[in-house]
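Quick notes on the structure that follows.
There are 2 protein chains.
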Amino acid sequence: METPRHDPAPNPAVRRLSLYLRELEAIRRTDRRTISSKQLGESLGLSDAQVRKDLAYFGQFGHPGIGYKVEELAAQVKHILGTDKTWNVLLVGAGNLGRAMMGYRGFESKGFHLVAVFDADDAKVGQKQGPFVIQPMSELNDTVQSHHVKLAILAVPPDDAQQVGKLLVDAGVRGILNFAPVKLNLPESIAVNSVDLAVQLEQLSFQVNIPPQK
Amino acid sequence: METPRHDPAPNPAVRRLSLYLRELEAIRRTDRRTISSKQLGESLGLSDAQVRKDLAYFGQFGHPGIGYKVEELAAQVKHILGTDKTWNVLLVGAGNLGRAMMGYRGFESKGFHLVAVFDADDAKVGQKQGPFVIQPMSELNDTVQSHHVKLAILAVPPDDAQQVGKLLVDAGVRGILNFAPVKLNLPESIAVNSVDLAVQLEQLSFQVNIPPQK
DNA sequence: GGATGTGAATGCATTCACAGCA
DNA sequence: TGCTGTGAATGCATTCACATCC
Chain A
4 METPRHDPAP
14 NPAVRRLSLY
24 LRELEAIRRT
34 DRRTISSKQL
44 GESLGLSDAQ
54 VRKDLAYFGQ
64 FGHPGIGYKV
74 EELAAQVKHI
84 LGTDKTWNVL
94 LVGAGNLGRA
104 MMGYRGFESK
114 GFHLVAVFDA
124 DDAKVGQKQG
134 PFVIQPMSEL
144 NDTVQSHHVK
154 LAILAVPPDD
164 AQQVGKLLVD
174 AGVRGILNFA
184 PVKLNLPESI
194 AVNSVDLAVQ
204 LEQLSFQVNI
214 PPQK
Chain B
4 METPRHDPAP
14 NPAVRRLSLY
24 LRELEAIRRT
34 DRRTISSKQL
44 GESLGLSDAQ
54 VRKDLAYFGQ
64 FGHPGIGYKV
74 EELAAQVKHI
84 LGTDKTWNVL
94 LVGAGNLGRA
104 MMGYRGFESK
114 GFHLVAVFDA
124 DDAKVGQKQG
134 PFVIQPMSEL
144 NDTVQSHHVK
154 LAILAVPPDD
164 AQQVGKLLVD
174 AGVRGILNFA
184 PVKLNLPESI
194 AVNSVDLAVQ
204 LEQLSFQVNI
214 PPQK
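In order, the protein sequences belong to chains A and B. Under our numbering, the first residue of the first sequence is numbered 4, with each subsequent residue one higher. Under our numbering, the first residue of the second sequence is numbered 4, with each subsequent residue one higher.
Put into structure tokens, the structure is as follows:
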């Protein structure tokens, strides 16, 4: 039941895989049952060759003369990404961003289930936020164990991020989505994905400043 | 008063520029006045050569034998990114994510000033959220004009994103930070930066699933 | 004919390694 | 000696173009 993997798949290809899946799910809601690399590429601003090459890193999913079967490919990509089963996720930080994560509707349908929320602030601990009761950091280890949590969302102030990141790793978490504007210093084996909101705006600032280069 | 630009600067270099700035601002809070490419690289997990090459795309900021003067380089990088002046930013979408953006403390100090919040939902219009009163979409054009808004944050449901993106562009917005999980179809000249939260988790899922490759 | 999968060719980005300056 | 800036060399990623299959 293994998806065959040939070469080391380029990182950019893996990132695009998520976008392919997103698009495939959208197409699935229409009556279309099949799609070509050209069409899939166009909807995402990529070349047909790019799409084919990306997918071919992971297996032979296409049907010459036909294209890709939407349902089939979606299932394959989900399997590759590991989202054909549900991941339990925990959240640390019940501030602004944390609350948005608790309420975000886009996670469940994608295979991510938020199971618990933690905060270091005693004033917040015990408070109810939607379906969640904010837990103290002291309970972190137990929750990771009992819910087999592998992924966490880190939405704490910058000065706390490194320390909390370490706590998560020690508890057994293997991947962290980090919203704090700091580089986390963690073992190589831990997957870290950082989103710095101010950095996103800075990139826009740069691009908007430049004369539109023809 | 132009920063000299030599070659077309690689995109990845521009992305790292923001990280350099973040690090430089942190160092500025210490007593350190100067930093080498090696040190700056280490704090971000990059090679010294990478740092030097990136910076050299934009000018000669270093001092051989010494390194880079922290304050000086920070100012230069800010100028390159265009954040040495303040940008007025508007937000569309007063849902979960939108509220987090309104409360996010990381924007102001980085040169981004949130000036107004819009929502298509009549029930939300007129409500007060912190210092903001949610405005109706009909006022969007006026606000963009009167506040010379060039950048916007888009935090609306996926099905509305394309349409609202178009509205923003028509109103005169030049750059969009998009949180909706859809590809925006807008003119080439418009800068779009998309952050899909579910995609971020999917990438972690993939990495955590793979046997740690040595 | 219509579409995939894939070597070969091209184009970018990173790393090397060193000349040159403080 | 310490460190930058930069051509040259390497390594990745994308694009081309075509043999192959429905």
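Glycine is no exception: its CB is placed at the ideal position from the N, C-alpha and C atoms.
Contacts around residue i, its chain only, beta-carbon distance under 7 Å, and the 5 residues preceding and following it disregarded
i	result
L47/B	L22, E26
L143/B	F121, L170, A174
Any C-beta of chain A under 8 Å from that of residue i
i	result
T86/B	yes
L58/B	no
G96/B	no
E5/B	Legend: pLDDT at E5/B = 45, less than 50; position of this residue unreliable, value from coordinates given subsequently. Answer no: the Cβ-Cβ gap between E5/B and chain A never drops below 8 Å.
Q138/B	no
E203/B	Position check: residue 203/B holds Gln in this sequence, whereas Glu was assumed. Yes, its Cβ sits closer than 8 Å to a Cβ of chain A.
N144/B	no
K131/B	no
K113/B	yes
V159/B	no
S21/B	yes
G68/B	no
L170/B	no
Same chain only: Cβ atoms within 8 Å of residue i, ignoring 5 sequence neighbours per side
i	result
K72/B	R36, T37, H66
R1/A	This structure does not reach residue 1/A, given that chain A is present from 4 up to 217, and the question cannot be answered.
P106/B	Inspection of the sequence shows that residue 106/B is occupied by Gly rather than by Pro. These residues qualify, in order along the chain: G133.
R55/A	S40, G65
T89/A	G114, F115, H116
V202/A	P184
E5/A	Note that E5/A scores 46 on pLDDT, short of 50, meaning its location in the model is unreliable; the coordinates nonetheless yield the value given after this. There are no such residues.
P11/A	none
V118/A	N91, V92, L93, T146, H150, V152
Any chain B beta carbon closer than 8 Å to residue i
i	result
Y107/A	yes
E75/A	no
A174/A	no
K186/A	yes
V167/A	no
N91/A	no
R177/A	yes
R25/A	yes
G44/A	no
F110/A	yes
V120/A	no
G62/A	no
L189/A	no
Selection from the options that minimises the alpha carbon distance to residue i
i	options	result
M140/B	P134/B, L171/B, Q203/B	L171/B
D51/B	D57/B, Y60/B, K41/B	K41/B
G96/A	A12/A, R18/A, N181/A	N181/A
G68/A	L93/A, E191/A, S39/A, A12/A	S39/A
D87/B	G62/B, L100/B, F110/B, G114/B	G114/B
A29/A	L43/A, S197/A, L117/A, Q148/A	L43/A
K153/B	A103/B, P161/B, I193/B	I193/B
G109/A	R18/B, A183/B, Q53/B	A183/B
G98/A	P160/A, W90/A, G70/A	P160/A
N196/A	Q210/B, N188/B, V195/B	Q210/B
G178/A	V80/B, L207/B, D57/B	L207/B
V147/B	G85/B, F121/B, A164/B, A12/B	F121/B
L187/B	D125/B, V167/B, L200/B	V167/B
I83/B	R19/B, D125/B, A158/B, D145/B	R19/B
S112/B	A16/A, P15/A, E205/A	E205/A
A158/B	T33/B, F61/B, N14/B, L100/B	L100/B
Where residue i meets chain A, residues with beta-carbon distance less than 7 Å
i	result
A194/B	L207, Q210, V211
G220/B	Past the boundaries of the shown model lies residue 220/B; chain B is included only from 4 to 217, so the question cannot be answered.
Chain-ordered chain B contacts of residue i [CB-CB under 8 Å]
i	result
K153/A	V211
V17/A	Q206, F209
A103/A	N99, L100, R102, A103
Residues near residue i by beta carbon distance below 6 Å, same chain, minus five either side
i	result
I156/B	L94, M104, L180
V185/A	P161, A164
Q79/B	F64
D57/B	A16, R19
Contact set between residue i and chain A, taken where Cβ atoms lie within less than 9 Å
i	result
V198/B	V198, L200, Q203
Under 8 Å by beta carbon: chain A residues contacting residue i
i	result
L117/B	By Cβ distance, chain A contributes nothing, its closest Cβ being about 10 Å from L117/B, past 8 Å.
**Request:** Scan the stretch 43-103 of chain A and note each continuous beta strand (DSSP E) run of 3 residues or more that stays entirely inside, going in chain order.
**Result:** 90-95
**Message:** Could you tell me which whole alpha helix (DSSP H) segments of length 4 or greater appear in the stretch 138-174 of chain B?
**Reply:** 143-149, 161-174
**Item:** Completely contained alpha helix (DSSP H) runs for the stretch 13-45 of chain B, where each covers 4 or more residues
**Value:** 14-31
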